[in-house]
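Quick note on my numbering: the sequence shown kicks off at 663 and runs consecutively.
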Amino acid sequence: MDDHPATSRARAAMPGPVSVMPTPVPASPDMLPPLERRLDLTVVLGLGSAALLLLAALAMGGGPGAFLNLPSILIVLGGTAAVTVVSFSWHDVMASWRALGRTVRTGSAEPQDAALAALDIADHARRNGPLSLQPLLQPAADEPVLARALDLIVDSLPADKIERILRTEIEANQARARIAAALLRRGAEVAPAMGLIGTLVGLVQMLGSLNDPAKIGPAMAVALLTTFYGAILGSVVLSPLAAKVERNAEHQALVEGIYLLTAGSVARQENPRHLEILINTVLPPDLRVSAYD
663 MDDHPATSRA RAAMPGPVSV MPTPVPASPD MLPPLERRLD LTVVLGLGSA
713 ALLLLAALAM GGGPGAFLNL PSILIVLGGT AAVTVVSFSW HDVMASWRAL
763 GRTVRTGSAE PQDAALAALD IADHARRNGP LSLQPLLQPA ADEPVLARAL
813 DLIVDSLPAD KIERILRTEI EANQARARIA AALLRRGAEV APAMGLIGTL
863 VGLVQMLGSL NDPAKIGPAM AVALLTTFYG AILGSVVLSP LAAKVERNAE
913 HQALVEGIYL LTAGSVARQE NPRHLEILIN TVLPPDLRVS AYD
């Protein structure tokens, strides 16, 4: 039997089931990988141990004072710095100085920590939307590539554009690291040469003072100690620091590559399990993560 018209109108006016969208949960800064500014113990212990061993050997040989000579120090240190700077621009020198400071005092995330944080970020964005990542922008400022990746995701840029921007920034970071390492290696090449120049200067002074025995000793000291200083500066200080800068650049490139993969995956709204597979392809076998087993 048909309903009365008034009943039909009343039924039509009744509200149907309302679909309530869940409120997005803002991301927590605890998702970010831990960063701890600390002295790099390998640099401190390595250079410190070398210095202590040299001082101990000099002390057992008669006292370190005999190996201190101001003209030799000026020739080697001043000459090495001057000739090295000539090979680069002032901007390169300043950038290399900052890179050297980061070498002694580390503050980059570990690759495994970065991978786990990336999976947390991707999972959160998939559940709550990209805009929920906005609270992470300020806390991520210490990791410029991660902060840029989050900013581009929140702005809803296409995945290919995000990847292109981040890849350009990562390549620029690597180029600056290569310049810093090249500057240190150039100094390591110049230091022994300046030591040889100082040796020649000392020999000329000695030969010119053969009629004055009091001047032969200081001239011979300059001749021998400049070679000593040049070898120490090049082989013990500058060359290891150049290798350290290159190693840190490789480490940073790995971490930034993880952020690049994460940004592209989140922008495409892919399953975080797929991101885990991608990240494990770039991580060393002993650092691979397993967050979804």
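All residues carry an ideal CB built from backbone N, CA and C; glycine is no exception.
Predicted model, so just to flag it, every value in this text is computed and none were measured.
Rounded to whole angstroms, the separation of the alpha carbons of Leu923 and Arg826 is 11 Å. Annotation: the continuous alpha helix (DSSP H) that includes Pro773 extends over Pro773 to Asn790.
Each residue's CA atom was taken as its position, placing Asp775 and Ala784 some 14 Å apart.
For Ala904, the enclosing alpha helix (DSSP H) begins and ends at Ser901 to Ala929. The alpha-carbon of Leu798 is positioned some 8 Å away from that of Leu694. Ranking Thr746, Asn731 and Ala780 by CA distance to the CA of Arg950 puts Ala780 first. Of the residues assessed, Asp782 falls on the buried side of the cut-off, its CB having 16 or more other CB atoms within 10 angstroms. Annotated three-state conformation of Arg829 is helix, per DSSP. In the structure shown, Arg950 adopts coil according to DSSP, grouped into three states.
Looking at the backbone, the Cα of Leu887 and that of Leu846 are separated by about 22 Å.
By the Cβ-count criterion, Ile815 is buried, with 16 or more other Cβ atoms from all chains shown falling within 10 Å of its own Cβ.
About 7 Å separates the CB atoms of Ser927 and Leu940; that is less than 8 Å, so the two are in contact. With fewer than 16 other Cβ atoms from the protein chains shown falling within 10 Å of its own Cβ, Thr830 counts as exposed. If you compare the alpha carbons of Gly708, Val687, Thr889 and Pro820 with that of Gln931, the shortest gap goes to Pro820.
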